[in-house]
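A.B. asks: One structure, pasted below without further comment.
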Amino acid sequence: MSTVPESISITEHGLELPVAEVMTGRGFITGKSGSGKSNSASVIAEGLLEHGLPMMIIDTDGEYFGLQERYKILHATVDETGDLEVGPDDAERLAGLALDGNVPIVLDISGYMDLADGKILVHRVLREIFRMEDARRKPFLVIVEEVHEYLPERGGHGELGELLIQIAKRGRKRGLGLCGISQRPAAVSKEFITQCDWLIWHRLTWENDIQVVRRLLGTDAADEIQELKDGEAFLMTDWADEIQRIRFRRKRTHDAGATPDIAEVTGGPDGNLEPAVLEALNIEGKSASSEDSEEDSVDPRDEKILAMQQRIEELEAELERSRNAESSQKIEEPQMAEAEGGFLITGIAELTSFVGHTIQVVTQRMLSAGRSLSRELKRQP
Ligand SMILES: Nc1ncnc2c1ncn2[C@@H]1O[C@H](COP(=O)(O)OP(=O)(O)O)[C@@H](O)[C@H]1O
Ligand SMILES: [Mg+2]
97 MSTVPESISI
107 TEHGLELPVA
117 EVMTGRGFIT
127 GKSGSGKSNS
137 ASVIAEGLLE
147 HGLPMMIIDT
157 DGEYFGLQER
167 YKILHATVDE
177 TGDLEVGPDD
187 AERLAGLALD
197 GNVPIVLDIS
207 GYMDLADGKI
217 LVHRVLREIF
227 RMEDARRKPF
237 LVIVEEVHEY
247 LPERGGHGEL
257 GELLIQIAKR
267 GRKRGLGLCG
277 ISQRPAAVSK
287 EFITQCDWLI
297 WHRLTWENDI
307 QVVRRLLGTD
317 AADEIQELKD
327 GEAFLMTDWA
337 DEIQRIRFRR
347 KRTHDAGATP
357 DIAEVTGGPD
367 GNLEPAVLEA
377 LNIEGKSASS
387 EDSEEDSVDP
397 RDEKILAMQQ
407 RIEELEAELE
417 RSRNAESSQK
427 IEEPQMAEAE
437 GGFLITGIAE
447 LTSFVGHTIQ
457 VVTQRMLSAG
467 RSLSRELKRQ
477 P
């Protein structure tokens with residue numbers, strides 16, 4: 097793992113954000129849907145992950161697990177689709193993995209039908225992290241998507257909102273950074289926004305949101321913000337006098353240089369983690385060394401793993417096909433009804449939908465089982 101730079105680059109032209117400020121400060125990323133918020137958050141996350149810095153992303157829509165393509169980051173889900181299935185009782189375990197194990201984590205709550213369940217889980221996990229940070233004081237960043245859900249401007253904050261305000265106000269001393277993301281700045285608690293020391297404003301078009309921009313960034317920015325292209329933003333920070341208009345890059349970046357305080361938390365995940373976590377990270381991390389060893393291997397166990405991986409790929413393709421079949425169900429319905437001699441005409445829509453869904457569920461289960469087995473095989477001496 098490389099040494100930690102003082103800053104990470106976020107644009108094609110090398111504009112930088114200071115690592116220490118981002119890791120332990122308060123950030124806010126806003127902009128209407130599709131304006132580039134998640135991309136910007138990912139660029140920042142990738143810049144930090146590149147140097148093994150720990151973080152937890154509270155992912156409401158299941159859009160961050162793609163970070164696994166390049167980085168060792170645990171995809172914790174509330175169902176069986178991730179690396180680790182978690183619920184509120186796992187708060188301590190997750191906080192321990194994050195802070196003591198240096199495991200970056202995507203806490204993906206998209207599997208909950210009801211956001212209230214997500215709030216309970218997130219509250220427990222962040223409460224535990226906040227508590228543990230009192231003693232550990234490790235630089236650690238929490239990124240929270242859809243922060244207006246937890247920190248609304250109107251209607252009271254609830255337990256999780258109160259905790260986030262507490263983190264915003266008292267987290268820095270403990271090394272705990274917080275970055276909130278929302279598409280509606282007008283709907284986010286001003287108590288939070290005014291605590292922030294770095295803010296990224298993507299395109300906004302709603303008058304209420306533009307009023308917030310006018311108040312905080314001025315009239316010129318309020319006029320311009322409606323015309324920003326995807327990925328373009330105003331960057332407003334405590335460390336620069338001017339508000340800058342920038343365009344985020346699309347992907348990751350890295351820089352050299354070292355910051356002693358931050359360096360202490362680098363090195364990536366701890367080697368003594370629970371085996372399931374280590375295996376998950378190994379499989380998904382795709383480090384160059386594991387690819388090399390795969391090519392050279394003659395161990396029959398590796399052949400089994402390869403066969404298993406092949407099977408997983410087949411199942412994944414199967415799953416994709418069944419999803420496609422489900423989405424093109426309307427087109428296929430008449431043909432199927434014809435093939436059945438019109439016998440199933442009335443029930444056919446429900447039936448195809450049911451069968452499609454069942455195939456998906458079964459395939460998903462087989463995939464999970466295949467992945468576990470593959471991990472198990474790898475683990476055997
Ligand atoms: N920096 C960028 N440069 C070019 N295109 C971008 C950039 N950021 C985002 N986009 C485009 O905008 C789309 C939406 O971005 P996303 O980050 O998902 O928006 P949001 O999270 O605000 O809804 C992306 O799929 C991409 O096509
Ligand atoms: Mg988004």
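If you want the working numbering, it's the 1-based position in the sequence shown plus 96. Note that CB positions come from ideal geometry on N, CA and C, so glycine has one too. Please read all numbers here as calculations on a predicted model, not as lab measurements.
#1: What distance in whole Å lies between the Cβ atoms of I140 and E241, which are believed to be in contact at a cut-off of 8 angstroms?
#2: Taking 7 angstroms as the cut-off, is the C-beta of E159 nearer than that to any heavy atom in ligand 2?
#3: By the three-class DSSP mapping on this structure, what secondary structure does D392 have?
#4: E370: buried (16+ other C-beta within 10 angstroms of its C-beta) or exposed?
#5: In terms of DSSP beta bridges, what is I239 paired with?
#6: If you draw a straight line from the alpha carbon of F124 to that of E181, how long is it in whole angstroms?
#7: Pull up the distance between the alpha-carbon of I535 and that of G276, whole angstroms please.
#8: Looking at C-alpha atoms only, which residue of E102, P248, W297 is the closest neighbour of Q41?
#9: For ligand 2, enumerate in chain order all residues having a CB closer than 6 angstroms to any of its heavy atoms.
#10: According to DSSP, is E409 part of a helix, a strand, or is it coil?
#11: Flag this pair as touching only if the region 238-252 and the region 144-164 have three or more C-beta atom pairs under 8 angstroms; answer yes or no.
#12: Quick check on the burial criterion: 16 or more other C-beta atoms within 10 angstroms. Buried or exposed for T333?
#13: Look up T107 in the DSSP assignment and give the residues it is bridged to.
#14: May I have a chain-ordered list of the alpha helix (DSSP H) segments no shorter than 4 residues that lie completely inside the region 116-165?
#15: Identify which residue in R417, Q405, G127, S138 has its Cα closest to the Cα of L237.
#16: How far does the alpha helix (DSSP H) with L259 in it extend, from its first residue to its last?
#17: Is G130 near ligand 3, judged by its Cβ being under 7 angstroms from some heavy atom?
#18: Going by the DSSP bridge assignment, what does D204 pair with across the sheet?
#19: Skipping 5 residues on each side, what residues in its chain have a beta carbon closer than 6 angstroms to that of T315?
#20: If we count Cβ pairs, one from each stretch, closer than 8 angstroms, do we get three or more for the region 220-235 versus the region 187-194?
#21: When we look at the beta-carbon of P200 and count the other beta-carbons within 10 Å, is it buried (16 or more) or exposed?
#22: Roughly how many angstroms lie between the CA atoms of S278 and D213, to the nearest whole one?
#23: Looking at ligand 1, does it come within less than 7 angstroms of R345, judged from the CB to the closest heavy atom?
#24: What residues match up with T315 in a beta bridge as DSSP calls it?
#25: So V373 packs on L247, CB below 8 angstroms; how close in whole Å?
#26: By Cβ distance below 7 angstroms, which residues in the same chain neighbour F344 in space, the five residues on each side in sequence not counted?
#27: Please classify A376: does DSSP put it in a helix, a strand, or coil?
#28: Rounding to the nearest angstrom, what Cα-Cα distance links G207 and A336 in this structure?
#29: Just to check, is the beta-carbon of H298 closer than 7 angstroms to a non-hydrogen atom of ligand 1?
#30: In this structure, does DSSP put P281 in helix, strand or coil?
#31: Can you give me the start and stop residues for the beta strand (DSSP E) that I296 sits inside?
#32: Should Q406 go down as buried or exposed, given a rule of 16 or more other Cβ atoms within 10 Å for buried?
#33: In the DSSP assignment, what are the bridge partners of L331?
#34: Would a C-beta distance cut-off of 8 angstroms place P281 and T173 closer than the cut-off?
#35: My output table needs one value for L180: the three-state DSSP class, helix, strand or coil.
C.D. replies: To lay it out plainly:
#1: Sequence index remark: in the sequence shown, residue 241 carries index 145 (1-based). Sequence index remark: in the sequence shown, residue 140 carries index 44 (1-based). That pair is no contact at about 13 angstroms.
#2: By 1-based counting over the sequence shown, the position of residue 159 is 63. Flag set: Cβ of E159 near ligand 2.
#3: Here the question's residue 392 lines up with position 296 in the sequence shown. Reliability of the predicted coordinates at D392 is poor, the pLDDT of 44 falling under 50, and no value is obtained from them.
#4: As a working mapping, residue 370 is identified with position 274 in the sequence shown. Exposed, since its Cβ has fewer than 16 Cβ neighbours within 10 Å.
#5: For this step, residue 239 is matched to residue 143 along the sequence shown. Partner(s): I153, C275.
#6: Along the sequence shown, one-based indexing puts residue 124 at 28. Along the sequence shown, one-based indexing puts residue 181 at 85. In a straight line, the C-alpha of F124 is about 29 angstroms away from that of E181.
#7: Residue 535 lies beyond the residue range present for the chain, which begins at 97 and ends at 477; the question has no answer from this structure.
#8: As displayed, the chain neither begins before 97 nor continues past 477, which places residue 41 out of reach and without an answer.
#9: K133, S134
#10: What you label residue 409 is simply residue 313 of the sequence shown in a count that begins at 1. E409: helix per DSSP, three-state reduction.
#11: yes
#12: Residue mapping note: residue 333 aligns to position 237 of the sequence shown, counting from 1. Flag for T333 reads buried.
#13: Start at 1 with the first residue of the sequence shown, and residue 107 comes out as number 11. F344, per the DSSP bridge assignment.
#14: 133-145
#15: On the sequence shown, residue 237 is found 141 positions in, with the first residue counted as 1. For L237, the nearest C-alpha among the options comes from S138.
#16: Here residue 259 refers to the residue found at position 163 when the sequence shown is read from its first residue. Note, L259: alpha helix (DSSP H), 254-270.
#17: No copy of ligand 3 appears in this structure; the ligands present are ligand 1 and ligand 2.
#18: Residue 204 sits at position 108 when you count from the first residue of the sequence shown. DSSP output for D204 lists D155, T173 as bridge partner(s).
#19: The residue labelled residue 315 in the question sits at position 219 within the sequence shown. Once the five neighbours on either side are set aside, T315 has no close Cβ partner at all.
#20: yes
#21: As a working note, residue 200 is residue 104 in the sequence shown. Per the 10 Å Cβ criterion, buried.
#22: Position 182 of the sequence shown, counted from the first residue, corresponds to residue 278. Position 117 of the sequence shown, counted from the first residue, corresponds to residue 213. Distance between the alpha carbons of S278 and D213 is about 20 angstroms.
#23: The residue labelled residue 345 in the question sits at position 249 within the sequence shown. Yes, the beta carbon of R345 sits closer than 7 angstroms to at least one heavy atom of ligand 1.
#24: By one-based count along the sequence shown, residue 315 stands at place 219. Partner(s): none; T315 has no beta bridge.
#25: Start at 1 with the first residue of the sequence shown, and residue 373 comes out as number 277. Start at 1 with the first residue of the sequence shown, and residue 247 comes out as number 151. Not confirmed; about 30 angstroms, so no contact.
#26: Residue mapping note: residue 344 aligns to position 248 of the sequence shown, counting from 1. Same-chain partners within the cutoff: I106, T107, G132, N135, S136, V139, G327, A329.
#27: Position 280 of the sequence shown holds residue 376. Three-state DSSP puts A376 in a helix.
#28: Along the sequence shown, read from residue 1 onward, the residue named residue 207 stands at position 111. Along the sequence shown, read from residue 1 onward, the residue named residue 336 stands at position 240. If I take the Cα positions, the gap works out to 40 angstroms.
#29: Indexing the sequence shown from 1 puts residue 298 at position 202. At least one heavy atom of ligand 1 is nearer than 7 angstroms to the Cβ of H298, so yes.
#30: What you label residue 281 is simply residue 185 of the sequence shown in a count that begins at 1. Note: P281 maps to helix in three-state DSSP.
#31: Start at 1 with the first residue of the sequence shown, and residue 296 comes out as number 200. 294-297 is the span of the beta strand (DSSP E), which, as asked, contains I296.
#32: By one-based count along the sequence shown, residue 406 stands at place 310. Under this definition Q406 is an exposed residue.
#33: As a first step, residue 331 is located in the sequence shown; it is residue number 235 there, counting from the start. Its beta-bridge partners are I296, Q340.
#34: Stepping through the sequence shown from its first residue, residue 281 is reached at position 185. Stepping through the sequence shown from its first residue, residue 173 is reached at position 77. Their beta carbons are not under 8 angstroms apart, which means P281 does not touch T173 by this criterion.
#35: Along the sequence shown, read from residue 1 onward, the residue named residue 180 stands at position 84. L180 falls in the strand class under three-state DSSP.
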